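Student: Structure incoming, see below.
In our numbering, the protein residues as written are 1 to 613.
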């Protein structure tokens, strides 16, 4: 079967032409991605339940086009073997913990992940089923896909957009639909498996892992095609139980009992009681409303652009005496250009303003803690992973980037940022006007400065390119206690050799110090400095081959120091390829545009086959 798939992929990838219907052509586009991986045994500092298992994940995308209609579906499946609970005997000292952990992991399944029908015609677009949606820059609503983190959240329901310049209206309503399986951890959002009583531990019933999150929203734009564009948008997130609960507090698992969940009491309160609002106050609230207004000037007399967006948030109170339930946010971006110089200034001021958190049971499925339906702009580098806690919930500051083009092919830049966060430190928070509400206000107020210098250089007739930068960050509390410090360098050099050949060197190296981290002595929370980084070499043979070899390292206490890996990419066509990878990767926090997640360390082999035909 695999050989046949490779043979098909070796031909030009293109949509399949089906027999005409009502005199109009019908096109079918199919993309299949299959991932097979085997993890090796746990290394130093790694948990046994995170390693040693086999997985096969498959995603089948089908898109059918006819006239002004598009019908699409994605079928996801997962198969696991060598699960920890299967590899260890019942006499293992951690067997009960492993079984409980496995109740929400390594689940064999096949299910329709996405399905949609879209109609487009003369400024009208109507979608029934799954769709991505974002209002403004994401302060109010942002449901999108981030491949680097495995995030793929859509709205399952209806979306209608009507455009008639200079106006545009978008209406949305439906249920949040995130990906149900997390590849790096094997965790799943399906209800947990029942656990039988054993060894003094009571039996555990089925527990839902994700709620019924209902979203309605609207956006009105005026000024499309004119010098100034104004946009007003609002969203209401209502959280309900995914199942009804019986008198004993157990879920009623009948598929047809409440197929879209229920907002009836006490089922709703029983479910929200499983969640923790201490992580994000929007997580366990019955309802949260976001509303915003933006103004955009697409062209400042041909020398830049301006964008300003403000938003407010109102959350239901968790208790009758809770008063701090409102927040607001302001974000602005100003780009100016002139000759060889361009400048980008970003300003943000967020006060008790939180992302709309998806109702994942993070106590049992922490890998899905990053499910959110809004994401305020960070004014940080895209891959910044140094915004700790709820850094962005109560923060004010700005970042400026100055670019200077020395030649048509060489650009130098410098950035500087300064921010004050009252929510980065544990227990830090603020009210709607930005005043700290923490007991120790100075200790939970962080002052952050950072800067970078970089260069972008294209040469060899644009066949070779260099990106490089150095960065420094200093984060200190109001009591002058160092919270986080870093020095880092990053580079990527692609050098053309001749003919189809090119080589690439890429890496990032960091010197880090963080309060409470890397503490050989538990009594000393100051934390010892540590190094971490990665470097990759690659040989590119256009247009078919990429051969790579990587090296990672860390001096963090309790973790392996070195990680070695290698891979091969072969492209059958521009849209079909196979990747073979083996080796080790360091675990840790990774972020993209403010969306973050913890990745477990990887040690094993992985094959990813993507076919489009």
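Beta carbons: idealized from backbone N, C-alpha and C, even for Gly. Bear in mind that the values here come from a model prediction, so they are computed numbers and not experimental data.
Can we say the stretch 355-363 touches the stretch 330-347, given the rule of at least three CB pairs closer than 8 angstroms?
Tutor: Result no; under three Cβ-Cβ pairs closer than 8 angstroms.
Student: Rounded to a whole number of angstroms, what is the C-alpha to C-alpha distance between residue 13 and residue 31?
Tutor: Counted from its first residue, the chain shown places residue 13 at position 13. Counted from its first residue, the chain shown places residue 31 at position 31. Residue placement at residue 13 cannot be trusted, given a pLDDT of 43 that sits under 50; the coordinates are not used to answer.
Student: Should residue 2 go down as buried or exposed, given a rule of 16 or more other Cβ atoms within 10 Å for buried?
Tutor: Looking up residue 2 in the chain shown gives position 2. Since pLDDT at residue 2 reaches only 43, below the 50 mark, its modelled position is unreliable, and the value read off the structure follows with that caveat. That one is exposed.
Student: Beta-carbon separation of residue 224 and residue 168 under 7 angstroms?
Tutor: What you label residue 224 is simply residue 224 of the chain shown in a count that begins at 1. What you label residue 168 is simply residue 168 of the chain shown in a count that begins at 1. Yes, Cβ-Cβ distance for residue 224 and residue 168 is below 7 angstroms.
Student: Classify residue 484: buried if its beta carbon has 16 or more other beta carbons within 10 angstroms, exposed otherwise.
Tutor: As a position in the chain shown, residue 484 is number 484, starting the count at 1. By the 10 Å Cβ count, residue 484 comes out buried.
Student: If we call anything under 7 angstroms between Cβ atoms a contact, is residue 193 one with residue 103?
Tutor: Residue numbering aside, residue 193 sits at position 193 when the chain shown is read from its first letter. Residue numbering aside, residue 103 sits at position 103 when the chain shown is read from its first letter. Against a cut-off of 7 angstroms, the Cβ pair of residue 103 and residue 193 comes out as a contact.
Student: Between the beta-carbon of residue 552 and the beta-carbon of residue 586, is there less than 7 angstroms?
Tutor: Residue 552 sits at position 552 when you count from the first residue of the chain shown. Residue 586 sits at position 586 when you count from the first residue of the chain shown. Their beta carbons are under 7 angstroms apart, which means residue 552 touches residue 586 by this criterion.
Student: For residue 219, does the count of other Cβ atoms within 10 angstroms reach 16, so buried, or fall short, so exposed?
Tutor: Start at 1 with the first residue of the chain shown, and residue 219 comes out as number 219. With 16 or more other Cβ atoms within 10 Å, it is buried.
Student: Which same chain residues end up closer than 7 angstroms to residue 24 when comparing Cβ atoms and leaving out the 5 residues on each side of it in sequence?
Tutor: One-based indexing of the chain shown puts residue 24 at position 24. Around residue 24: 66, 67.
Student: Label residue 203 either buried or exposed according to how many other C-beta atoms from any shown protein chain fall within 10 Å of its C-beta, with 16 as the threshold for buried.
Tutor: Translated into positions along the chain shown, residue 203 becomes position 203. With fewer than 16 Cβ atoms within 10 Å of its Cβ, residue 203 is classed as exposed.
Student: Could you check what DSSP says for residue 570 in three-state terms: helix, strand or coil?
Tutor: Mapped onto the chain shown, residue 570 falls at position 570. It is a strand residue.
Student: Just to confirm my understanding: we take residue 63, look at its own chain, exclude 5 residues before and 5 after, and list those with CB closer than 6 angstroms. What are they?
Tutor: Start at 1 with the first residue of the chain shown, and residue 63 comes out as number 63. 29, 72.
Student: Scan the stretch 429-502 and note each continuous beta strand (DSSP E) run of 3 residues or more that stays entirely inside, going in chain order.
Tutor: Runs found: 446-459, 464-477, 482-498.
Student: Would you check if the distance between the CB atom of residue 438 and the CB atom of residue 477 is smaller than 7 angstroms?
Tutor: As a first step, residue 438 must be located in the chain shown, where it is residue number 438. As a first step, residue 477 must be located in the chain shown, where it is residue number 477. No, the Cβ-Cβ distance between residue 438 and residue 477 is not below 7 angstroms.
Student: If you scan the stretch 35-87 from start to end, which runs of the beta strand (DSSP E) of 3 or more residues do you find wholly inside it?
Tutor: DSSP runs (the beta strand (DSSP E)) wholly in the stretch 35-87: 54-66, 69-81.
Student: Decide if residue 406 is buried, meaning its Cβ has at least 16 other Cβ atoms within 10 Å, or exposed.
Tutor: One-based indexing of the chain shown puts residue 406 at position 406. It is exposed - the Cβ of residue 406 has fewer than 16 other Cβ atoms within 10 Å.
Student: My assumption, with CB atoms under 8 angstroms, is that residue 311 sits in contact with residue 139. Please give the rounded CB distance.
Tutor: To locate residue 311, count along the chain shown from 1; it is residue 311. To locate residue 139, count along the chain shown from 1; it is residue 139. Their Cβ separation, rounded to whole angstroms, is 4 angstroms, which keeps residue 311 and residue 139 in contact under 8 angstroms.
Student: According to DSSP, simplified to helix, strand and coil, what is residue 237?
Tutor: Sequence index remark: in the chain shown, residue 237 carries index 237 (1-based). Strand at residue 237.
Student: What does DSSP give as the partner residue(s) for residue 114 in the beta ladder?
Tutor: As a working mapping, residue 114 is identified with position 114 in the chain shown. Residue 114 pairs with 74.
Student: Are the CB atoms of residue 454 and residue 469 nearer to each other than 7 angstroms?
Tutor: Counted from its first residue, the chain shown places residue 454 at position 454. Counted from its first residue, the chain shown places residue 469 at position 469. Yes.
Student: Just the C-alpha distance for residue 118 and residue 164, rounded to the nearest angstrom, thanks.
Tutor: Start at 1 with the first residue of the chain shown, and residue 118 comes out as number 118. Start at 1 with the first residue of the chain shown, and residue 164 comes out as number 164. So the alpha carbons of these two residues sit roughly 19 angstroms apart.
Student: Kindly indicate which three-state DSSP category residue 544 falls into: helix, strand or coil?
Tutor: As a first step, residue 544 is located in the chain shown; it is residue number 544 there, counting from the start. Residue state, collapsed to three classes: coil.
Student: Could you tell me the distance, in whole angstroms, from the CA atom of residue 146 to the CA atom of residue 384?
Tutor: Here residue 146 refers to the residue found at position 146 of the chain shown. Here residue 384 refers to the residue found at position 384 of the chain shown. One C-alpha to the other measures close to 15 angstroms.
Student: Would you kindly report the start and end of the unbroken beta strand (DSSP E) that includes residue 130?
Tutor: To locate residue 130, count along the chain shown from 1; it is residue 130. Note, residue 130: beta strand (DSSP E), 124-131.
Student: Residues bridged to residue 345 by DSSP?
Tutor: One-based indexing of the chain shown puts residue 345 at position 345. Per DSSP, 334, 400.
Student: Exposed or buried, residue 284, counting other C-beta atoms within 10 Å across all chains shown (16 or more means buried)?
Tutor: Start at 1 with the first residue of the chain shown, and residue 284 comes out as number 284. Buried, by the Cβ-count rule.
Student: Between which two residues does the beta strand (DSSP E) carrying residue 289 extend?
Tutor: Numbered from 1 along the chain shown, position 289 holds the residue referred to as residue 289. Start and end: 287-297.
Student: Leaving aside the five residues before and after residue 7 along the sequence, list all residues of the same chain whose C-beta is less than 7 angstroms from its C-beta, in chain order.
Tutor: Reading the chain shown from its first residue, position 7 is the one you call residue 7. Residue placement at residue 7 is flagged as unreliable, the pLDDT there being 37, under the threshold of 50; a coordinate-derived value is accordingly withheld.
Student: How about residue 430 and residue 436: do their beta carbons lie closer than 7 angstroms?
Tutor: Here residue 430 corresponds to residue number 430 of the chain shown, with the count starting at 1. Here residue 436 corresponds to residue number 436 of the chain shown, with the count starting at 1. Closer than 7 angstroms, so yes.
Student: Return the chain-ordered list of same chain residues with a C-beta closer than 6 angstroms to the C-beta of residue 314, the five sequence neighbours on each side being excluded.
Tutor: Position 314 of the chain shown, counted from the start, is the residue given in the question as residue 314. Here the set comprises 289, 326.
Student: Judging by CA-CA distance, which residue of 196, 592, 178, 195 is the nearest neighbour of residue 188?
Tutor: Indexing the chain shown from 1 puts residue 188 at position 188. Per the Cα distances, 178.
Student: Cα separation between residue 527 and residue 59?
Tutor: Looking up residue 527 in the chain shown gives position 527. Looking up residue 59 in the chain shown gives position 59. About 43 angstroms.
Student: What is the DSSP secondary structure of residue 583, reduced to helix, strand or coil?
Tutor: Taking the first residue of the chain shown as position 1, residue 583 is located at position 583. The answer is strand: DSSP assigns residue 583 an E or B state.
Student: Look at residue 532 and residue 510 and say whether their C-beta atoms are less than 7 angstroms apart.
Tutor: To locate residue 532, count along the chain shown from 1; it is residue 532. To locate residue 510, count along the chain shown from 1; it is residue 510. Yes.
Student: Extract the residue ranges of the beta strand (DSSP E) inside the stretch 345-416, only unbroken runs of 3 or more that lie entirely within it.
Tutor: DSSP runs (the beta strand (DSSP E)) wholly in the stretch 345-416: 394-407.
Student: Report the rounded CA-to-CA distance for residue 566 versus residue 35, giving the unit in angstroms.
Tutor: For this step, residue 566 is matched to residue 566 along the chain shown. For this step, residue 35 is matched to residue 35 along the chain shown. Their Cα atoms are separated by approximately 17 angstroms.
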